[in-house]
Amino acid sequence: MTIQLEANLQNLRAKAPLVHNITNFVVMNFTANALLAIGASPVMAHAVEEVEDMVSIAGALVVNIGTLSPLWVEGMHSAMAKAAQTGKPIVLDPVGAGATPYRNNVLTALLEAAPPAIIRGNGSEILALAGASIQTKGVDSTADSTDSIGAARALSERFGSVVSVSGAVDVIVHGNRTAWISNGVPLMTKVTGMGCSASALAGAFAAVVTDPFEAAVSAAVTMGVCGELAYRAAKLPGSFQIAFLDTLSDISPAHLAELSKIRLE
Amino acid sequence: MTIQLEANLQNLRAKAPLVHNITNFVVMNFTANALLAIGASPVMAHAVEEVEDMVSIAGALVVNIGTLSPLWVEGMHSAMAKAAQTGKPIVLDPVGAGATPYRNNVLTALLEAAPPAIIRGNGSEILALAGASIQTKGVDSTADSTDSIGAARALSERFGSVVSVSGAVDVIVHGNRTAWISNGVPLMTKVTGMGCSASALAGAFAAVVTDPFEAAVSAAVTMGVCGELAYRAAKLPGSFQIAFLDTLSDISPAHLAELSKIRLE
Amino acid sequence: MTIQLEANLQNLRAKAPLVHNITNFVVMNFTANALLAIGASPVMAHAVEEVEDMVSIAGALVVNIGTLSPLWVEGMHSAMAKAAQTGKPIVLDPVGAGATPYRNNVLTALLEAAPPAIIRGNGSEILALAGASIQTKGVDSTADSTDSIGAARALSERFGSVVSVSGAVDVIVHGNRTAWISNGVPLMTKVTGMGCSASALAGAFAAVVTDPFEAAVSAAVTMGVCGELAYRAAKLPGSFQIAFLDTLSDISPAHLAELSKIRLE
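Chains A, B and C supply the protein sequences, listed in that same order. Using my numbering, read the first sequence as starting at 19 and increasing by one per residue. Using my numbering, read the second sequence as starting at 19 and increasing by one per residue. Using my numbering, read the third sequence as starting at 19 and increasing by one per residue.
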C-alpha cells in the first residue's frame with residue numbers, strides 16, 4: 019500500500035470537483051477559499067428545498083455541524099441520504115461533539131442514517147463521537163475506545179468509515195489499515211477553520227480518489243505540508259492563514275509528495 | 019455617452035451611502051470589507067421583521083441568493099418590495115442560477131415581484147436566469163438568448179434591468195447600450211466573494227449615480243482595475259484578496275479612470 | 019483604583035477561557051480568530067436546543083445582535099437566562115441599535131430579562147439603546163442621556179451594567195467610576211468586526227477578571243494598543259486586519275501595559 023500523493027493532487031486539479039458543503043457560519047469563507055486554492059470548486063447550500071439537487075451535481079458532500087440548528091440538520095439528513103443513494107462520498111466533521119447533548123444526538127442520528135465515507139475530527143471529538151454513537155447505545159465493540167485511536171477504530175468498525183483524527187500526529191484508520199502523518203505545525207490550532215478545511219479537502223480528494231482511506235491521507239498530508247510551508251513565511255496567526263491559502267494554491271504535486279511524512283501499517 | 023468614473027468614485031466616497039445587503043454566509047465578511055474599503059457603509063439584515071425599515075434608511079439594496087432558504091427569501095421579497103416602493107435601486111445577484119430548481123423558482127419570483135435596477139452574474143448564471151425567467155415561461159423575446167450576451171439582452175428587455183455579465187471581458191447591457199470592460203485578472207475567480215463584491219459595489223455606485231447603467235459600468239471597472247493593481251502586489255489567492263481590499267481603499271478616482279478599459283456602443 | 023493590564027492578559031492566556039458567542043454572520047470568522055489570537059477559546063452556538071448547555075461550560079457569554087432574526091433571539095434569551103442563573107458574565111453588543119424598531123424591541127427585552135455585566139457599543143448605539151430601553155419606557159433617570167456618555171451612565175444606573183462606549187476616545191462607565199482610553203487608530207472603523215471583536219475580548223477578560231469594569235477597560239486597551247501597533251505595519255484595511263490579528267497574538271502583557279493610555283476617575 020502506498021499513497022499516490024502526486025497523482026492524487028494532479029487529479030484533483032485536473033478535475034476540479036464540485037464539493038457540496040453544509041458547514042458552519044464561522045468557517046464558510048475560509049473553507050471556500052481553501053477549496054478554490056487547492057483547485058476544487060466549492061458550493062455551499064443547506065436548504066432542504068435544494069440540497070438533494072445540489073448533491074446530485076456534486077462530486078462529494080461535506081457535512082460540518084459547527085453551528086447546527088434544526089433546519090440545518092434537516093438539510094444535512096436530506097443531503098446525506100441523497101449522497102448515499104447516488105454513491106457520492108460523504109465527509110462528516112463532528113465539530114464540538116461531546117459539548118452538548120444536542121450535538122451528540124444529532125451526530126448519532128446522522129451516522130445511523132447515512133454512514134460517511136470519512137469522519138474527521140480532533141481527538142476529543144472522535145472520543146465523544148464514539149461514546150455517543152457506540153457506547154451509550156450499548157453496542158459491543160471489540161475496539162478499545164478509551165483513547166482517541168481506539169475510539170477511531172471503534173467508529174470505523176461500527177460504521178465502515180475511514181476515521182481521521184487530527185492532532186500533533188494525525189492518525190487515520192480504516193479496517194486494519196492505519197496511517198500516521200507527522201506533518202503540520204502547532205500554529206494551525208490558532209486559526210479557526212483549519213480542521214473544517216481539512217474535512218473539506220478530504221471531500222475534494224474523495225471526489226477524485228476511489229479509496230476513501232487514500233483520500234483522507236492525501237487531505238491530511240496536504241494540510242500538514244502546506245501548514246509547514248506557510249509557517250516558513252508567517253509565524254503569527256493572521257498572516258499565517260493567508261500564507262496557508264497561498265501555499266495550497268502554489269504547492270506542486272511533486273513538492274507535496276516530497277515533504278510528506280507518512281507511516282503506513 | 020461617457021462614463022464619469024472619476025466623478026462617480028469621488029461622489030461615492032463623499033456620500034458614503036448605506037448599502038443594505040441580504041447576501042450569503044460565505045461572502046458577508048469580504049463584502050462588508052469591500053464596501054468599507056471603497057468608501058461605502060454596509061449593513062447586513064435579512065429578517066422580515068426589519069428589512070423594510072432597514073431598506074428605508076439605505077441608499078440601495080443588494081440581494082444575493084447564494085445560501086438561500088425560505089425565511090431569507092421572505093426577507094428578500096419584503097426588502098425588494100419596499101425598495102421598489104421607495105425608489106431605492108435594487109441589485110440582484112443570481113448566485114448559482116441553474117444549479118437547482120429551487121434557485122430558479124426563487125429567482126423567477128423575485129424578478130417578477132420587483133424588477134432590479136441591475137442584475138449581475140457570470141455568463142452561466144445569466145444564461146440560466148434568462149432560461150428560467152423568460153424561456154420557460156413562454157415569453158417571447160426578440161433577443162437571442164443562446165449565449166450569455168443574448169440572454170443578458172433578453173433579461174434587460176423583459177425586466178427593464180441593466181444586466182452585467184462578468185467574465186474575461188465584462189459585458190453590460192441596457193436597452194440599446196452596451197459596454198465591454200477589459201479590466202481584471204483570472205486570479206479573481208480563485209477568491210470566493212469577488213462576484214458578490216462586484217454586485218455590492220454596483221449597489222454602492224447605484225446609490226449615488228442616477229443612471230444604473232453608469233453605476234454598473236463604474237462598479238465593474240472598479241473591480242477590474244483594483245484586481246489588476248492587486249495582482250501586481252500578490253500573485254496567490256490568499257494575499258491577493260488582502261491586496262484587493264487594500265487597493266479598493268487606496269485607489270484614487272483619477273487612477274481608476276486612467277486604467278479603465280471600456281468600449282461603449 | 020488601577021487596572022492590572024499585565025496580570026489580566028497573563029491570566030487570560032494562562033486560563034484560555036471558553037467564550038460562548040451568539041454573534042452575527044458578518045464577523046464570526048474574524049471574532050473567532052481574534053479570540054484565538056489573544057489566547058481565549060471561542061465557541062459559536064445559537065440554537066435554543068443547546069445554548070444552555072454550551073453557556074454552562076463557558077466562562078462568559080457574548081451576545082451580538084448584528085444579523086438578528088426570531089430564532090436567534092430565542093437562543094439569545096435562553097443563553098442569557100442560563101448565564102444569569104449560573105453567574106457567567108454576559109457582554110451585550112447592541113449592533114445597529116436605533117436602526118429599526120425590531121432591533122430596539124429585541125434589545126429592550128434582552129436587557130430586561132438578563133442585565134449584562136458589560137454593554138459595549140459605539141456612541142450612537144449607546145444613545146439609541148438608552149433611548150429605547152429607558153426614555154421610551156418612561157423610566158426616570160438622574161443621568162443626562164442627551165450625549166453618549168450621559169446615555170452610558172443612564173444605562174449603567176438602570177441595569178447595573180458596565181457600559182463601554184467605543185470612539186476616538188473610548189469611555190467606560192460603571193457607577194461612579196469612569197475610564198477614558200485614548201488608544202486606537204481611525205483605520206479600525208474601516209474594517210468590519212472591530213467593534214464586535216472588542217465585545218468578544220471583553221467577554222474573554224470578563225471570564226478571568228472578577229471586576230467587569232476592569233475587564234471592559236482591559237479589553238478596550240487591548241483593542242486600541244493592538245490597533246496602534248498593527249497600524250505601524252499596515253496602513254490599508256485589508257492588510258491592517260491581518261496585522262491586527264498578528265498583533266493580538268504577539269503582544270506581551272508588559273508591552274500592553276506600557277502602551278496603554280488610560281485616565282481613571
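Heads up, the beta-carbon is just placed ideally off N, CA and C, and yes, glycines get one too.
Local Cβ density within 10 Å of residue i, reported as buried at 16 or more and exposed below that
i, result
"Gly93 (chain A)", "buried"
"Ser200 (chain C)", "exposed"
"Ile269 (chain B)", "buried"
"Asp165 (chain C)", "exposed"
"Thr154 (chain A)", "Reliability of the predicted coordinates at Thr154 (chain A) is poor, the pLDDT of 48 falling under 50, and no value is obtained from them."
"Ala234 (chain C)", "buried"
"Arg82 (chain A)", "Before going on, a small fix: residue 82 (chain A) reads as Asn here, not Arg. So Asn82 (chain A) ends up on the buried side."
"Arg121 (chain B)", "buried"
"Gly292 (chain A)", "Residue 292 (chain A) falls outside the range modelled here, since chain A spans only 19 to 283, and no answer is possible."
"Asp162 (chain B)", "Per-residue confidence for Asp162 (chain B) stands at a pLDDT of 47, beneath the threshold of 50, marking its modelled position as unreliable; the derived number appears in the next sentence. Counting Cβ neighbours within 10 Å, Asp162 (chain B) comes out exposed, since fewer than 16 surround it."
"Thr20 (chain A)", "exposed"
"Arg176 (chain A)", "buried"
"Ile144 (chain C)", "buried"
"Val157 (chain A)", "Annotation note: pLDDT 42 at Val157 (chain A) (below 50); position unreliable, coordinate value reported separately. Exposed, since its Cβ has fewer than 16 Cβ neighbours within 10 Å."
"Ala32 (chain B)", "exposed"
"Ala127 (chain A)", "exposed"
"Glu67 (chain B)", "buried"
"Pro119 (chain B)", "exposed"
"Ile75 (chain A)", "exposed"
"Glu232 (chain B)", "buried"
"Ala237 (chain B)", "buried"
"Ala272 (chain A)", "exposed"
"Ala131 (chain A)", "exposed"
Chain-ordered chain A contacts of residue i [CB-CB under 7 Å]
i, result
"Ala248 (chain B)", "Simply none; closest approach about 13 Å."
Within chain C, partners of residue i - CB distance below 7 Å
i, result
"Ile260 (chain A)", "Ile260"
"Met46 (chain B)", "Phe43 and Val44"
"Leu254 (chain A)", "Asp264, Ser267 and Asp268"
"Ser215 (chain A)", "Near Ser215 (chain A) there are no residues of chain C at all, since even the closest Cβ is about 12 Å away, more than 7 Å."
"Ser257 (chain A)", "Ile260 and Asp264"
Contacts of residue i in chain A (Cβ-Cβ under 8 Å)
i, result
"Gly88 (chain B)", "Note on identity: in this sequence residue 88 (chain B) is Pro, with Gly being the wrong assignment. Simply Ala65 and Glu67."
"Thr20 (chain B)", "Neighbours of Thr20 (chain B) on chain A: none; closest Cβ ~36 Å, over 8 Å."
Partners in chain C for residue i, counting only beta-carbon separations shorter than 8 Å
i, result
"Lys208 (chain A)", "Leu54, Ala55 and Ser267"
Beta-carbon neighbours of residue i, restricted to chain C and to distances below 9 Å
i, result
"Thr240 (chain A)", "Those do not exist, as Thr240 (chain A) stays about 21 Å from chain C at its closest Cβ, beyond 9 Å."
"Gly211 (chain A)", "Asn47, Ala50 and Asn51"
Listed by chain order, chain A residues near residue i by CB distance under 9 Å
i, result
"Thr85 (chain B)", "Met46, Met62, Ala63, His64 and Ala65"
**Request:** Determine which residues of the region 50–75 of chain C have a Cβ less than 8 Å from any Cβ of chain A, and write them out in chain order.
**Result:** Of all residues in the region 50–75 of chain C, only Ala50, Asn51, Leu54, Ala55, Pro60, Val61, Met62, Ala63, His64, Ala65, Glu67, Glu68, Asp71, Met72 and Ile75 place a beta-carbon less than 8 Å from a beta-carbon of chain A.
**Request:** Could you name the residues of the region 93–119 of chain A whose beta carbon sits closer than 8 Å to any beta carbon of chain C, in the order they occur along the chain?
**Result:** Cβ contacts with chain C: Gly114, Ala117, Thr118 and Pro119.
**Message:** Using a Cβ distance threshold of 8 Å, determine whether the region 131–142 of chain C contacts the region 83–100 of chain B, with at least three qualifying pairs required.
**Reply:** Using a Cβ-Cβ distance cut-off of 8 Å, the region 131–142 of chain C and the region 83–100 of chain B are not in contact, since fewer than three pairs of beta carbons, one from each stretch, lie closer than that value.
**Request:** Take every Cβ of the region 269–278 of chain A, pair it with every Cβ of the region 31–43 of chain B, and state whether three or more of those distances are shorter than 8 Å.
**Result:** Because the criterion of three Cβ pairs below 8 Å is not met, the region 269–278 of chain A and the region 31–43 of chain B do not touch.
**Request:** For the region 121–138 of chain B, enumerate the residues whose C-beta is nearer than 8 Å to any C-beta of chain A, in chain order.
**Result:** Per Cβ criterion, the list reads Arg121.
**Message:** Quick test of the definition: if touching needs 3 or more C-beta pairs under 8 Å, does the region 232–251 of chain B touch the region 195–212 of chain B?
**Reply:** Two segments are said to touch when three or more pairs of C-beta atoms, one from each, lie closer than 8 Å; by this definition the region 232–251 of chain B touches the region 195–212 of chain B.
**Inter-stretch contact (C-beta, 8 Å, three-pair minimum) for the region 48–61 of chain C and the region 100–107 of chain A** = Taking 8 Å as the limit for Cβ pairs, the verdict is that the region 100–107 of chain A does not touch the region 48–61 of chain C.
**beta strand (DSSP E) runs wholly inside the region 36–107 of chain B, at least 3 long, in chain order** = Within the region 36–107 of chain B, the complete beta strand (DSSP E) runs of at least 3 residues are 36–40, 59–62 and 78–82.
**Prompt:** Any contact of the region 184–193 of chain B with the region 167–175 of chain B, i.e. 3+ C-beta pairs under 8 Å?
**Reply:** Verdict: yes, contact present.
**Touching by the beta-carbon criterion (3+ pairs, under 8 Å), the region 251–262 of chain A and the region 252–266 of chain C** = Verdict: yes, contact present.
**Message:** Under 8 Å, with one C-beta from each stretch per pair, do the region 220–234 of chain B and the region 214–234 of chain C reach the 3-pair mark?
**Reply:** In short, these stretches do not touch, since the Cβ pair count stays below three.
**Request:** Would you mind listing the alpha helix (DSSP H) stretches within the region 113–143 of chain B that are 4+ residues and don't spill past its ends, in chain order?
**Result:** The alpha helix (DSSP H) runs of length 4 or more contained entirely in the region 113–143 of chain B are, from start to end of the chain, 119–131.
**Asked** Listed in chain order, which residues of the region 183–203 of chain C have Cβ atoms closer than 9 Å to some Cβ of chain B?
**Response** Residues of the region 183–203 of chain C with a C-beta less than 9 Å from any C-beta of chain B: none at all.
**Request:** Could you name each continuous alpha helix (DSSP H) segment of 4 residues or more that falls completely within the region 189–253 of chain C, going from the start of the chain to the end?
**Result:** The alpha helix (DSSP H) runs of length 4 or more contained entirely in the region 189–253 of chain C are, from start to end of the chain, 212–224 and 230–251.
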